[in-house]
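2 protein chains.
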Amino acid sequence: MGIVVQKYGGSSVADAQGIKRVAKRIVATKKEGHDVVVVVSAMGDTTDELLDLANQVSPLPAARELDMLLTAGERISMAVLAMAITDLGQEARSFTGSQAGVITDAEHGRAKIIDVTPGRIVQAIADGAVAIVAGFQGVSQESKDITTLGRGGSDTTAVALATALGAEVCEIYSDVDGIFTADPRIVPNATHIPRLSYAETLEMAANGAKILHLRCVEYARRYNVPIHVRSSFSNKEGTWVVNPEEVNSMEAAIISGVAHDRSEAKITVVGVPDKIGEAAKIFTAIAEAKIDVDMIVQNVSAAATALTDISFTLSQTDGAAAVRVLTDLKDTVAYEQLIFNDAVGKVSLIGAGMRNSPGISARFFQALADAGINIDMISTSEIRISVVVAESQIDDAVRATHAAFDLGTDEVEAVVYGGTGR
Amino acid sequence: MGIVVQKYGGSSVADAQGIKRVAKRIVATKKEGHDVVVVVSAMGDTTDELLDLANQVSPLPAARELDMLLTAGERISMAVLAMAITDLGQEARSFTGSQAGVITDAEHGRAKIIDVTPGRIVQAIADGAVAIVAGFQGVSQESKDITTLGRGGSDTTAVALATALGAEVCEIYSDVDGIFTADPRIVPNATHIPRLSYAETLEMAANGAKILHLRCVEYARRYNVPIHVRSSFSNKEGTWVVNPEEVNSMEAAIISGVAHDRSEAKITVVGVPDKIGEAAKIFTAIAEAKIDVDMIVQNVSAAATALTDISFTLSQTDGAAAVRVLTDLKDTVAYEQLIFNDAVGKVSLIGAGMRNSPGISARFFQALADAGINIDMISTSEIRISVVVAESQIDDAVRATHAAFDLGTDEVEAVVYGGTGR
Chain A
163 MGIVVQKYGG
173 SSVADAQGIK
183 RVAKRIVATK
193 KEGHDVVVVV
203 SAMGDTTDEL
213 LDLANQVSPL
223 PAARELDMLL
233 TAGERISMAV
243 LAMAITDLGQ
253 EARSFTGSQA
263 GVITDAEHGR
273 AKIIDVTPGR
283 IVQAIADGAV
293 AIVAGFQGVS
303 QESKDITTLG
313 RGGSDTTAVA
323 LATALGAEVC
333 EIYSDVDGIF
343 TADPRIVPNA
353 THIPRLSYAE
363 TLEMAANGAK
373 ILHLRCVEYA
383 RRYNVPIHVR
393 SSFSNKEGTW
403 VVNPEEVNSM
413 EAAIISGVAH
423 DRSEAKITVV
433 GVPDKIGEAA
443 KIFTAIAEAK
453 IDVDMIVQNV
463 SAAATALTDI
473 SFTLSQTDGA
483 AAVRVLTDLK
493 DTVAYEQLIF
503 NDAVGKVSLI
513 GAGMRNSPGI
523 SARFFQALAD
533 AGINIDMIST
543 SEIRISVVVA
553 ESQIDDAVRA
563 THAAFDLGTD
573 EVEAVVYGGT
583 GR
Chain B
163 MGIVVQKYGG
173 SSVADAQGIK
183 RVAKRIVATK
193 KEGHDVVVVV
203 SAMGDTTDEL
213 LDLANQVSPL
223 PAARELDMLL
233 TAGERISMAV
243 LAMAITDLGQ
253 EARSFTGSQA
263 GVITDAEHGR
273 AKIIDVTPGR
283 IVQAIADGAV
293 AIVAGFQGVS
303 QESKDITTLG
313 RGGSDTTAVA
323 LATALGAEVC
333 EIYSDVDGIF
343 TADPRIVPNA
353 THIPRLSYAE
363 TLEMAANGAK
373 ILHLRCVEYA
383 RRYNVPIHVR
393 SSFSNKEGTW
403 VVNPEEVNSM
413 EAAIISGVAH
423 DRSEAKITVV
433 GVPDKIGEAA
443 KIFTAIAEAK
453 IDVDMIVQNV
463 SAAATALTDI
473 SFTLSQTDGA
483 AAVRVLTDLK
493 DTVAYEQLIF
503 NDAVGKVSLI
513 GAGMRNSPGI
523 SARFFQALAD
533 AGINIDMIST
543 SEIRISVVVA
553 ESQIDDAVRA
563 THAAFDLGTD
573 EVEAVVYGGT
583 GR
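Line by line, the protein sequences give chains A and B. Sequential numbering of the first sequence, starting at 163, is according to the working numbering. Sequential numbering of the second sequence, starting at 163, is according to the working numbering.
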């Protein structure tokens with residue numbers, strides 16, 4: 163049997179009891195005959211506590227030092243997990259990102275993996291040990307400084323290691339049994355999805371389903387690594403994220419599910435002169451401030467005024483920075499007004515089948531209209547339709563959409579649909 | 163001006179406020195024109211909390227993993243301290259023991275420094291930055307595993323770095339103004355000692371004065387690094403630990419001070435056959451269990467029985483292990499009985515002058531007798547006389563001795579005499 167990479171999020175290793183439970187699961191996998199490499203996040207709220215401490219000392223902590231600080235979180239969880247495994251009679255060795263050969267660029271706080279040279283991991287599993295690797299962290303190629311990978315970093319570490327080691331599967335553990343057709347906290351009869359293609363999973367992840375992080379799915383798709391999303395609290399099969407041809411066409415529904423995202427904010431630049439290059443100026447300035455933009459909509463210009471409105475969505479946390487950038491830009495782009503709204507959210511309908519099925523968007527919009535929900539912005543891809551609605555109407559929009567496409571089951575899953583930490 | 167190495171213990175960086183206070187002191191030293199290298203311990207109780215966590219998961223945590231875990235403590239304090247310094251407008255860079263080039267052997271939990279290759283530290287100070295180094299930790303030469311130096315590790319890191327960098331002084335900060343003739347908590351009029359030789363400081367450290375750790379003083383003596391022991395809470399001059407010729411003979415008293423140690427336990431092996439090699443068997447077995455023995459006393463054998471009693475003292479924490487070792491040895495060394503007593507302590511009179519001053523021990527023992535204190539064991543070196551007494555009588559013994567040798571001042575120092583963490 164081959165190598166299995168298992169990633170456990172912060173909620174799975176929140177305390178000593180959780181760590182012992184995870185240790186048992188790891189040893190069981192090892193006893194089945196697999197070589198096991200484990201990637202672990204920081205315990206529970208550790209990262210938030212460390213951030214608190216940093217903010218007590220400095221309003222804007224130095225980026226290099228913030229990475230040094232935050233990586234203490236995984237150092238603690240991995241060492242304690244290795245102890246718990248050793249205590250069960252199975253040798254385990256923990257490795258920092260640097261020791262595991264996770265080489266990154268030097269962008270502190272959002273470093274990208276350049277290379278993985280897992281020589282010490284290979285040696286550890288050759289020696290019969292379980293290797294425990296700190297997620298979320300690496301070492302920069304040039305400066306040899308400690309870096310962190312930013313949001314979703316531990317998932318990405320796991321997939322990158324699975325790729326470098328030629329693992330047969332990368333198991334991503336959290337506190338839910340996989341991916342559902344909607345968040346079961348909002349839609350109690352949401353259906354569990356047994357298999358999903360990379361593309362649909364990407365759209366789910368990009369549009370607010372917190373179960374897997376975008377970067378990790380992108381990495382897995384590029385290198386064709388099967389991901390098994392499952393719960394560390396049960397032994398149920400989770401959701402397999404695989405190539406489209408491995409998704410049984412008989413069971414593949416037209417619509418995969420409804421995702422939602424409460425973390426969006428919307429900025430409208432009102433009265434932009436309708437001439438070539440103005441939009442480029444706006445989004446170049448935004449990009450230079452390292453702010454990621456999600457949806458962009460430009461209205462058709464009213465010929466009489468030769469002015470246009472440009473709206474875009476972005477993460478709420480980037481809102482203040484974007485407003486600052488655009489205010490500085492007022493002399494260059496002579497727009498009239500800036501409107502910032504962080505009381506918005508995004509609801510997305512995702513399905514590989516929708517491109518060949520006419521009338522999907524009409525049915526989606528009708529369902530929202532019937533529920534009394536006003537659509538603020540619309541954006542589509544080949545396998546997704548997203549709308550921006552008022553934050554207060556997100557839950558209603560998800561329920562209405564889920565019902566309109568008959569995505570529910572008769573059974574109600576008793577799960578908590580939570581985030582994956584980092 | 164040259165390089166100053168400053169070491170701050172856990173009590174100096176116990177919280178965000180303490181870290182900011184220490185940051186200001188570091189920046190002030192830098193502004194005076196010195197290159198500053200800082201060695202820092204884990205914040206306050208961090209180490210104990212991490213040990214608690216380890217014990218929740220495993221009764222006997224794997225040594226390699228315990229080192230990985232504990233080193234998270236300094237990682238946190240050094241990163242936060244670097245942030246606080248950067249916030250004051252002075253560049254600071256933190257380095258792990260490994261990054262700072264602290265190369266050790268592979269004895270987890272009690273590693274010894276083999277070499278220091280501080281290339282990155284030299285570069286940082288050449289760039290005008292303050293270098294912050296994690297105390298207590300290193301990396302093993304062969305396995306490249308993370309190691310810890312054991313008790314007093316951070317002090318040792320500081321002195322080792324001061325040696326490798328050719329620093330003009332190694333300042334060891336804690337919460338007291340240096341070394342006193344006795345613990346001021348027991349003897350309120352204890353006298354502050356401005357200068358002390360390495361040898362006397364070694365005896366003080368080895369015999370319970372918690373202000374400096376034995377290993378660090380040994381290292382400093384070997385490489386002739388001046389140590390300045392001082393408080394991070396005041397700007398008073400502390401105690402300089404230097405070569406004997408630099409201790410002004412006019413001010414050098416015959417007796418330096420009275421040290422005490424509450425952490426001792428005593429084991430008596432009763433009825434050991436009085437023949438060649440029996441003591442060797444006992445202490446070989448103890449040494450193989452990596453237990454450090456302090457004082458050893460063997461009574462003259464009563465010829466009639468051809469049996470003898472051997473008593474020795476050791477750290478209370480090693481007591482259970484030593485009893486186990488000796489119980490296993492009963493078949494080999496046919497002794498009669500084992501007596502374990504952890505309600506003992508050691509009081510030591512230290513002074514380079516005592517070797518040329520007759521009557522010191524007589525005066526010492528008389529002072530104890532006058533105070534109604536029974537002496538259990540006696541051990542002497544050229545510059546020290548130690549006695550083992552009942553734990554409940556330690557304070558009385560210290561006070562009686564301090565008074566008998568006129569060591570007190572008229573002023574009472576308002577200080578708290580605490581430990582230095584690690």
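All C-beta atoms in this analysis are idealised placements derived from N, C-alpha and C, irrespective of residue type, glycine included.
Option in the options with minimal Cα separation from residue i
i      : options                           : result
A:L511 : A:A559, A:H196, A:Q460 and A:D490 : A:A559
B:D454 : B:T475, B:P435 and B:D568         : B:T475
B:N405 : B:I348, B:Q460, B:F395 and B:H390 : B:H390
B:G481 : B:V495, B:T470, B:G312 and B:D456 : B:D456
B:S541 : B:R313, B:D490, B:E365 and B:K398 : B:E365
A:T571 : A:Q460, A:P346, A:D307 and A:P388 : A:P346
B:R255 : A:A241, A:G180 and A:K306         : A:K306
A:L358 : A:A514, A:K193, A:A533 and A:V549 : A:A514
A:G171 : A:E227, A:A286, A:I308 and A:I334 : A:I334
A:S443 : A:I416, A:K492, A:V409 and A:E399 : Correcting the residue identity first, residue 443 of chain A is Lys in this sequence and not Ser. That would be A:K492, whose Cα lies nearest to the Cα of A:K443.
A:R313 : A:L374, A:V301, A:K428 and A:V485 : A:L374
B:D471 : B:V485, B:E440, B:V409 and B:I341 : B:E440
A:R587 : A:D229, A:V199, A:A483 and A:T208 : Nothing in the structure corresponds to residue 587 of chain A, since chain A is present only between 163 and 584.
A:V509 : A:M240, A:V459 and A:V550         : A:V550
Assumed close pair residue i, residue j - CB separation to whole angstroms, cut-off 8 angstroms
i      : j      : result
A:V184 : A:S174 : 6 angstroms
A:A329 : A:V201 : Not confirmed; about 11 angstroms, so no contact.
A:I294 : A:L243 : 5 angstroms
A:I448 : A:V487 : 6 angstroms
A:S473 : A:M539 : 6 angstroms
B:V264 : B:Q303 : In fact, because the Cβ distance is near 11 angstroms, the residues do not count as touching under 8 angstroms.
A:L215 : B:A178 : 7 angstroms
Neighbourhood of residue i by C-beta, 6 angstroms cutoff - its chain only, sequence neighbours within 5 removed
i      : result
A:Y497 : V431, G433 and V434
A:G195 : M163
A:A529 : A562, T563 and A566
A:C332 : V167, A320, V321, A324, V387 and I389
Extent of the continuous alpha helix (DSSP H) run through residue i
i      : result
B:L243 : A225 to D249
B:N217 : T208 to V219
B:I181 : A178 to K193
A:K443 : E440 to E450
A:Y381 : L376 to Y385
B:D532 : I522 to D532
A:T325 : G315 to L327
Where the beta strand (DSSP E) through residue i begins and ends
i      : result
A:F567 : A:F567 -> no beta strand (DSSP E), and no H or E assigned at all.
A:Q285 : Element bounds for A:Q285: not the beta strand (DSSP E) but the alpha helix (DSSP H), G281 to A288.
A:E333 : V331 to S336
A:L491 : From DSSP, A:L491 is part of no beta strand (DSSP E); its letter is neither H nor E.
B:M366 : Premise fails: B:M366 lies in the alpha helix (DSSP H), Y360 to A368, not in any beta strand (DSSP E).
B:F257 : A254 to F257
B:I355 : Note, B:I355: premise wrong, no beta strand (DSSP E); not H, not E.
B:G419 : G419 to D423
B:H390 : I389 to S393
B:Y170 : I165 to Y170
B:T470 : L469 to S477
Own chain residues within Cβ distance below 7 angstroms of residue i, not counting five before or after
i      : result
A:A176 : M205 and G206
B:A468 : P435 and D436
B:A246 : I181, K182 and A185
B:A234 : L212
Cut-off 8 angstroms between Cβ atoms - residues of its own chain near residue i, not counting five sequence neighbours on either side
i      : result
B:G580 : Because B:G580 carries a pLDDT of 39, less than 50, the predicted location of this residue cannot be relied on, and no value is offered for it.
B:L222 : none
A:N369 : A421, H422, D423, K508, S510, I512, R546 and S548
message = For the pair the stretch 342-352 of chain A and the stretch 414-423 of chain A, tell me if three or more CB-CB distances fall below 8 angstroms.
response = yes
request  = Would you check if the stretch 262-274 of chain A and the stretch 253-265 of chain B touch, i.e. whether three or more CB-CB distances between them fall below 8 angstroms?
outcome  = Result no; under three Cβ-Cβ pairs closer than 8 angstroms.
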